[in-house]
Amino acid sequence: MSTRPQLWTTEAEIDEDLAEVDINVALGNYGQGQVAYDVVGIPPVLNNSTLLAMQQQIAQQAALSQIPEVVKRFIVHFHKAIVDQNITEITAAYESGWNKLTEKFYSKQEWPEAEIIAPLIGDVRVSLLPVDILGFMGNSDSESPPPLSLPDQWLWDIIDEFIYQFQSFSVWRSRVRQKSEEEIQLLATEGGQVWSCYSVLNVLYSFIQKSKINEHVAALQRGASPEEIADIVGEYGSKPLYQMLGYFSIIGLLRVHTLLGDFTLALKVMDNIELSQKAFFTRVTACHVAAYYYVGFCYMALRRYPDAARTFVSILNFILRMRSYHTRSYQYDQINKTADRMYALFAICNALSPSRLDDNILNIVKERYGEQVTKMAQGEEGLAAFEELFLYACPKFISANPPPYHDASLLGPYLETPSPIMEPAQHHLGLFMNDVKNLLAVPTLRSFLRLYTSLDTAKLASFLDKEEEDVVREMMVMKQASRSVSRATVSSSQEKERIDVRARPNGSLLDGETISTSDLDFVINQNMIHVAETTVGRRYAGWFIRNTEHAQRVLDTLRATPLPVVSPTPLPGHVQGPVNDAKPTAAAARPNNAWGATKKVEIAA
Amino acid sequence: MSAITPSTRPEVIEALVSGVDRYNPSNISILEDYLFHQIRSQEYDCMANLAILKLYQFNPELYNPDVVVNILLKALTSAPHADFSLCLALLGERDIYPPPQDEPDVLPYLLPRLTQLSSTELEILRDNYTVEYIGFEDAVRDVVVRAVRAAFQKIGRDRLSNYLDLEGSALDDYLSGLAWQQDLDSRSIVIPPNPDNRIEATVVRESIQLPQLTKIIAHAQVA
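So the protein lines, in turn, are chains A and B.
Here the first sequence is numbered in my numbering, starting from 1 and rising by one per residue.
Here the second sequence is numbered in my numbering, starting from 606 and rising by one per residue.
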């Protein structure tokens with residue numbers, strides 16, 4: 001009879017996984033994929049009343065003159081780029097121009113209305129609200145979508161912003177006490193139906209179904225030919241605009257389901273999405289980071305802490321590597337905030353299911369959350385630290401349903417119930433803390449067992465100053481805490497058998513098999529506890545390979561360096577080493593540089 | 606969570622759970638009937654039950670406390686999987702904390718606090734809500750058996766008797782059902798070896814694959 005597969009033996013694969021991240025792919029090419037989008041062409045606005053039209057025109061001209069010159073130039077340029085379908089220009093204009101100008105001029109107010117800027121670019125109105133794009137898709141079954149392009153980044157922002165609005169509105173709506181009479185009135189009547197869960201899911205599912213993205217990805221995975229794929233996905237699915245919107249909608253669904261507390265469904269919608277650093281979504285860094293954050297959190301909700309930790313480690317390493325390339329992006333702040341929350345979540349996972357997954361990440365966690373990390377290992381006293389980190393780092397949960405605005409007789413009692421109940425985050429915190437409390441005794445037991453290879457339960461109970469039967473029950477809890485369903489073995493066995501990745505279906509994120517997650521295992525024989533520890537041997541080979549490679553690079557550099565010209569009359573005071581007459585300082589510094597570099601290796605290794 | 610797709614799941618349910626039809630409120634009765642089928646025939650399908658709770662979440666007017674109670678009981682007996690907590694996560698914070706003044710024994714109110722319940726409350730729970738659930742007690746025993754199987758190689762008879770709430774010949778019958786041997790000398794029960802109660806100390810050695818050495822070998826060629 002074999003023992004459970006060990007988490008410890010699968011760790012090497014993580015490094016390899018990360019080695020395959022192509023940072024260039026993740027960064028630059030938002031615009032390279034041919035992406036199309038549609039302009040909802042609205043015929044020039046013709047007012048019946050000429051007088052009214054004239055008045056409006058005067059008002060619009062006044063408004064137009066208020067717009068800063070630089071913004072006007074930008075609008076004209078941006079419009080031209082879109083009309084010309086110059087993806088590079090669109091990307092540049094969107095990524096830097098739009099965001100900079102928004103920050104400078106429109107952080108507190110809306111951009112000018114389409115009517116006001118119409119004289120600059122003609123009467124073309126571009127609608128990029130998902131609902132509008134969808135409406136267009138629905139209405140034009142007979143026509144082909146006009147071939148226009150948009151950067152992937154922009155398409156992701158459309159979906160992302162859409163969900164953000166839904167989330168913000170839901171949060172705003174749930175705060176009954178801060179509402180004015182007028183707002184309550186509005187929410188009681190037509191406002192109640194705005195942003196219902198059904199309408200939001202409807203938009204996302206429509207994109208997914210219209211673009212046939214799930215079928216598309218499945219076909220890619222089994223290695224279908226481009227012709228077959230074109231057949232499967234149909235007219236809309238073959239247009240990159242709809243492909244990307246469909247794809248991003250899946251990530252959007254992951255987020256919406258998580259916000260609503262449906263963690264299994266959130267992972268299930270990702271069935272066809274390969275969660276790897278080579279996945280499609282890595283093209284847009286913000287999307288990449290969001291996908292990992294929500295998947296990681298869902299794993300925590302499923303109490304699959306090792307999988308959650310692996311997910312966080314993988315993306316946090318990516319963010320670390322990307323940092324030096326990406327600092328100027330407007331997404332950078334947002335990514336950094338999400339990363340910080342993931343460090344907090346990783347700290348929680350590591351407290352509940354310790355592993356030596358990644359020392360680098362663990363060290364950063366200790367730097368940022370050192371105080372909480374220490375407290376979380378201290379049983380009862382650590383509960384507050386768990387709560388603090390969870391509330392800081394959890395998604396902004398929302399209630400699926402509004403408070404009963406439509407019925408004043410229900411709204412009164414609703415307001416009287418204690419307030420914590422109304423916050424969905426408190427609800428999820430409560431559920432999470434139940435699990436934390438269950439596992440409270442584990443760290444202490446573990447630290448005792450580490451000292452023994454066998455130990456009597458009565459003796460352990462006396463150490464802990466507890467009843468023997470209570471300790472035995474806690475031991476059973478500890479045993480279950482050291483087992484978890486995990487994808488670790490699933491993905492590593494896939495890695496090993498990788499002959500043709502595309503021929504292998506990825507398997508659901510919900511899949512997994514039970515593994516042992518602790519380096520300390522035990523079993524009870526009547527009243528005797530037997531302990532076995534798994535230790536990780538020193539990894540000489542990795543160290544050897546890294547340093548050999550570095551030594552080779554140093555050797556190559558030395559060989560490529562021209563020999564120093566020896567001066568016929570050495571200057572007094574510069575006795576050590578040969579000195580070049582022309583550049584004495586540079587030449588003197590050269591040997592130092594070479595050895596300085598090897599010193600760095602030691603630190604790195 | 607426990608099995609994502611149990612082998613007992615009928616095709617019609619599979620189609621419902623995997624597609625967008627799961628959001629259609631008119632399908633609620635199909636899913637509810639399936640739940641009661643699970644209750645009667647000792648099957649369990651967590652995904653399908655979560656789909657019911659999802660419909661309740663989006664359509665509060667459909668909410669049926671009896672159904673919720675049975676879903677929670679089913680989830681409870683799937684421990685140590687997190688099903689119970691996943692179900693509670695989908696139940697709005699309102700639904701599980703109803704004002705208890707007039708009906709203190711409403712189960713959705715009791716269940717989330719299960720570990721803190723008084724013995725009277727537990728009795729209410731047992732008498733009123735577990736009647737329909739065929740094999741509820743055995744399902745709870747299964748939870749115990751799973752925990753014992755993982756942690757013990759040998760367990761004292763009295764201790765196990767206490768865990769299972771079975772004595773004398775009832776316990777003997779139960780043990781022979783599990784094919785667990787009794788060691789009469791030490792009044793204990795031998796748990797058959799399984800991946801969780803076999804432990805061994807190991808040292809994880811690194812394994813180096815050829816591709817990791819390609820750079821070094823390639824360099825040696827050049828040099």
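Positions of the beta carbon are idealized from the N, C-alpha and C atoms, including for glycine.
- In this chain, methionine 270 of chain A is not harboured by any alpha helix (DSSP H), its DSSP state being neither H nor E.
- Segment contact: the stretch 373-380 of chain A against the stretch 344-351 of chain A, three or more CB-CB distances shorter than 8 Å; contact assigned.
- Boundaries of the beta strand (DSSP E) around histidine 530 of chain A: 528-536.
- Under a criterion of Cβ atoms nearer than 7 Å, the residues of chain A adjacent to threonine 807 of chain B are, in order, Thr534.
- Closest in C-alpha terms to lysine 759 of chain B, from the list A:Ala551, A:Leu245 and A:Ile529, comes A:Ile529.
- Under a criterion of Cβ atoms nearer than 7 Å, the residues of chain B adjacent to glycine 261 of chain A are, in order, Ala694 and Leu695.
- The shortest C-alpha to C-alpha distance from histidine 824 of chain B to any of A:Leu563, A:Pro562, A:Asp556 and A:Pro564 is the one to A:Asp556.
- Inter-segment contact for the stretch 510-521 of chain A and the stretch 547-556 of chain A is absent: fewer than three beta-carbon pairs are separated by less than 8 Å.
- For glycine 740 of chain B, no chain A residue has a Cβ inside 8 Å of its Cβ, as the nearest lies near 22 Å away.
- Proximity of chain B to glycine 537 of chain A at the Cβ level (cut-off 8 Å) is accounted for by Val808, Val809, Arg810 and Glu811, in chain order.
- Going by beta carbons, threonine 807 of chain B and threonine 534 of chain A fall inside the 7 Å limit.
- Assignment of valine 809 of chain B by DSSP, reduced to helix, strand and coil, places it in the strand class.
- DSSP places glutamate 274 of chain A outside both helix and strand once states are collapsed to three, so it counts as coil.
- Taken atom to atom, the span from the alpha-carbon of leucine 693 of chain B to that of methionine 322 of chain A is near 39 Å.
- Secondary structure note for valine 485 of chain A: its beta strand (DSSP E) is the uninterrupted segment 483-486.
- For glycine 761 of chain B, the enclosing beta strand (DSSP E) starts and ends at 757-761.
- Bounds of the beta strand (DSSP E) holding glutamate 513 of chain A are 513-516.
- Non-local beta-carbon contacts of histidine 428 of chain A in its own chain, meaning distances under 6 Å to residues more than five positions away in sequence, involve Phe397 in chain order.
- Three or more beta-carbon pairs drawn from the stretch 244-255 of chain A and the stretch 196-215 of chain A are found closer than 8 Å, and the two stretches are therefore classed as touching.
- Here DSSP, grouped into helix, strand and coil, assigns aspartate 262 of chain A to coil.
- Contact note: alanine 755 of chain B reaches chain A through Met476, Lys479, Gln480 and Arg483, using a C-beta cutoff of 8 Å and chain order.
- Cβ contact annotation for valine 436 of chain A (same chain, cutoff 8 Å, sequence separation greater than five): Leu352, Leu383 and Phe386, in chain order.
- At least one C-beta of chain B is nearer than 7 Å to the C-beta of tyrosine 205 of chain A.
- For phenylalanine 297 of chain A, the enclosing alpha helix (DSSP H) has its first and last residue at 285-301.
- Counting every other CB atom within 10 Å of its CB across the protein chains shown gives leucine 509 of chain A a total of 16 or more, marking it as buried.
- In this model, alanine 752 of chain B and arginine 803 of chain B are separated by some 14 Å (Cα to Cα).
- Taking glutamine 647 of chain B as the centre and dropping the five residues before and after it, the same chain places the C-beta of Ile739 and Gly740 closer than 7 Å to its C-beta, in chain order.
- For serine 462 of chain A, the uninterrupted alpha helix (DSSP H) segment begins and ends at 457-464.
- Contacts with chain A (Cβ-Cβ distance below 7 Å) from the stretch 659-670 of chain B involve Lys659, Gln662, Phe663 and Pro665, listed in chain order.
- Cβ-Cβ separation between asparagine 525 of chain A and aspartate 456 of chain A: approximately 11 Å, too far for a contact (criterion under 8 Å).
- Taking the beta carbon of leucine 431 of chain A as reference, the chain B residues within 7 Å of it are Ser690, Leu693 and Ala694, listed in sequence order.
- Using a CB distance cut-off of 7 Å, glutamate 549 of chain A counts as an interface residue toward chain B.
- Collapsing the DSSP output to three states places glutamine 331 of chain A in coil.
- Annotation: leucine 440 of chain A has no Cβ neighbours in chain B at a cutoff of 8 Å; minimum Cβ distance is about 12 Å.
- The shortest C-alpha to C-alpha distance from leucine 789 of chain B to any of B:Gly761, B:Ile813, B:Leu696 and B:Ala680 is the one to B:Gly761.
- One thing to note: serine 486 of chain A has its Cβ no nearer than 7 Å to the Cβ of proline 354 of chain A.
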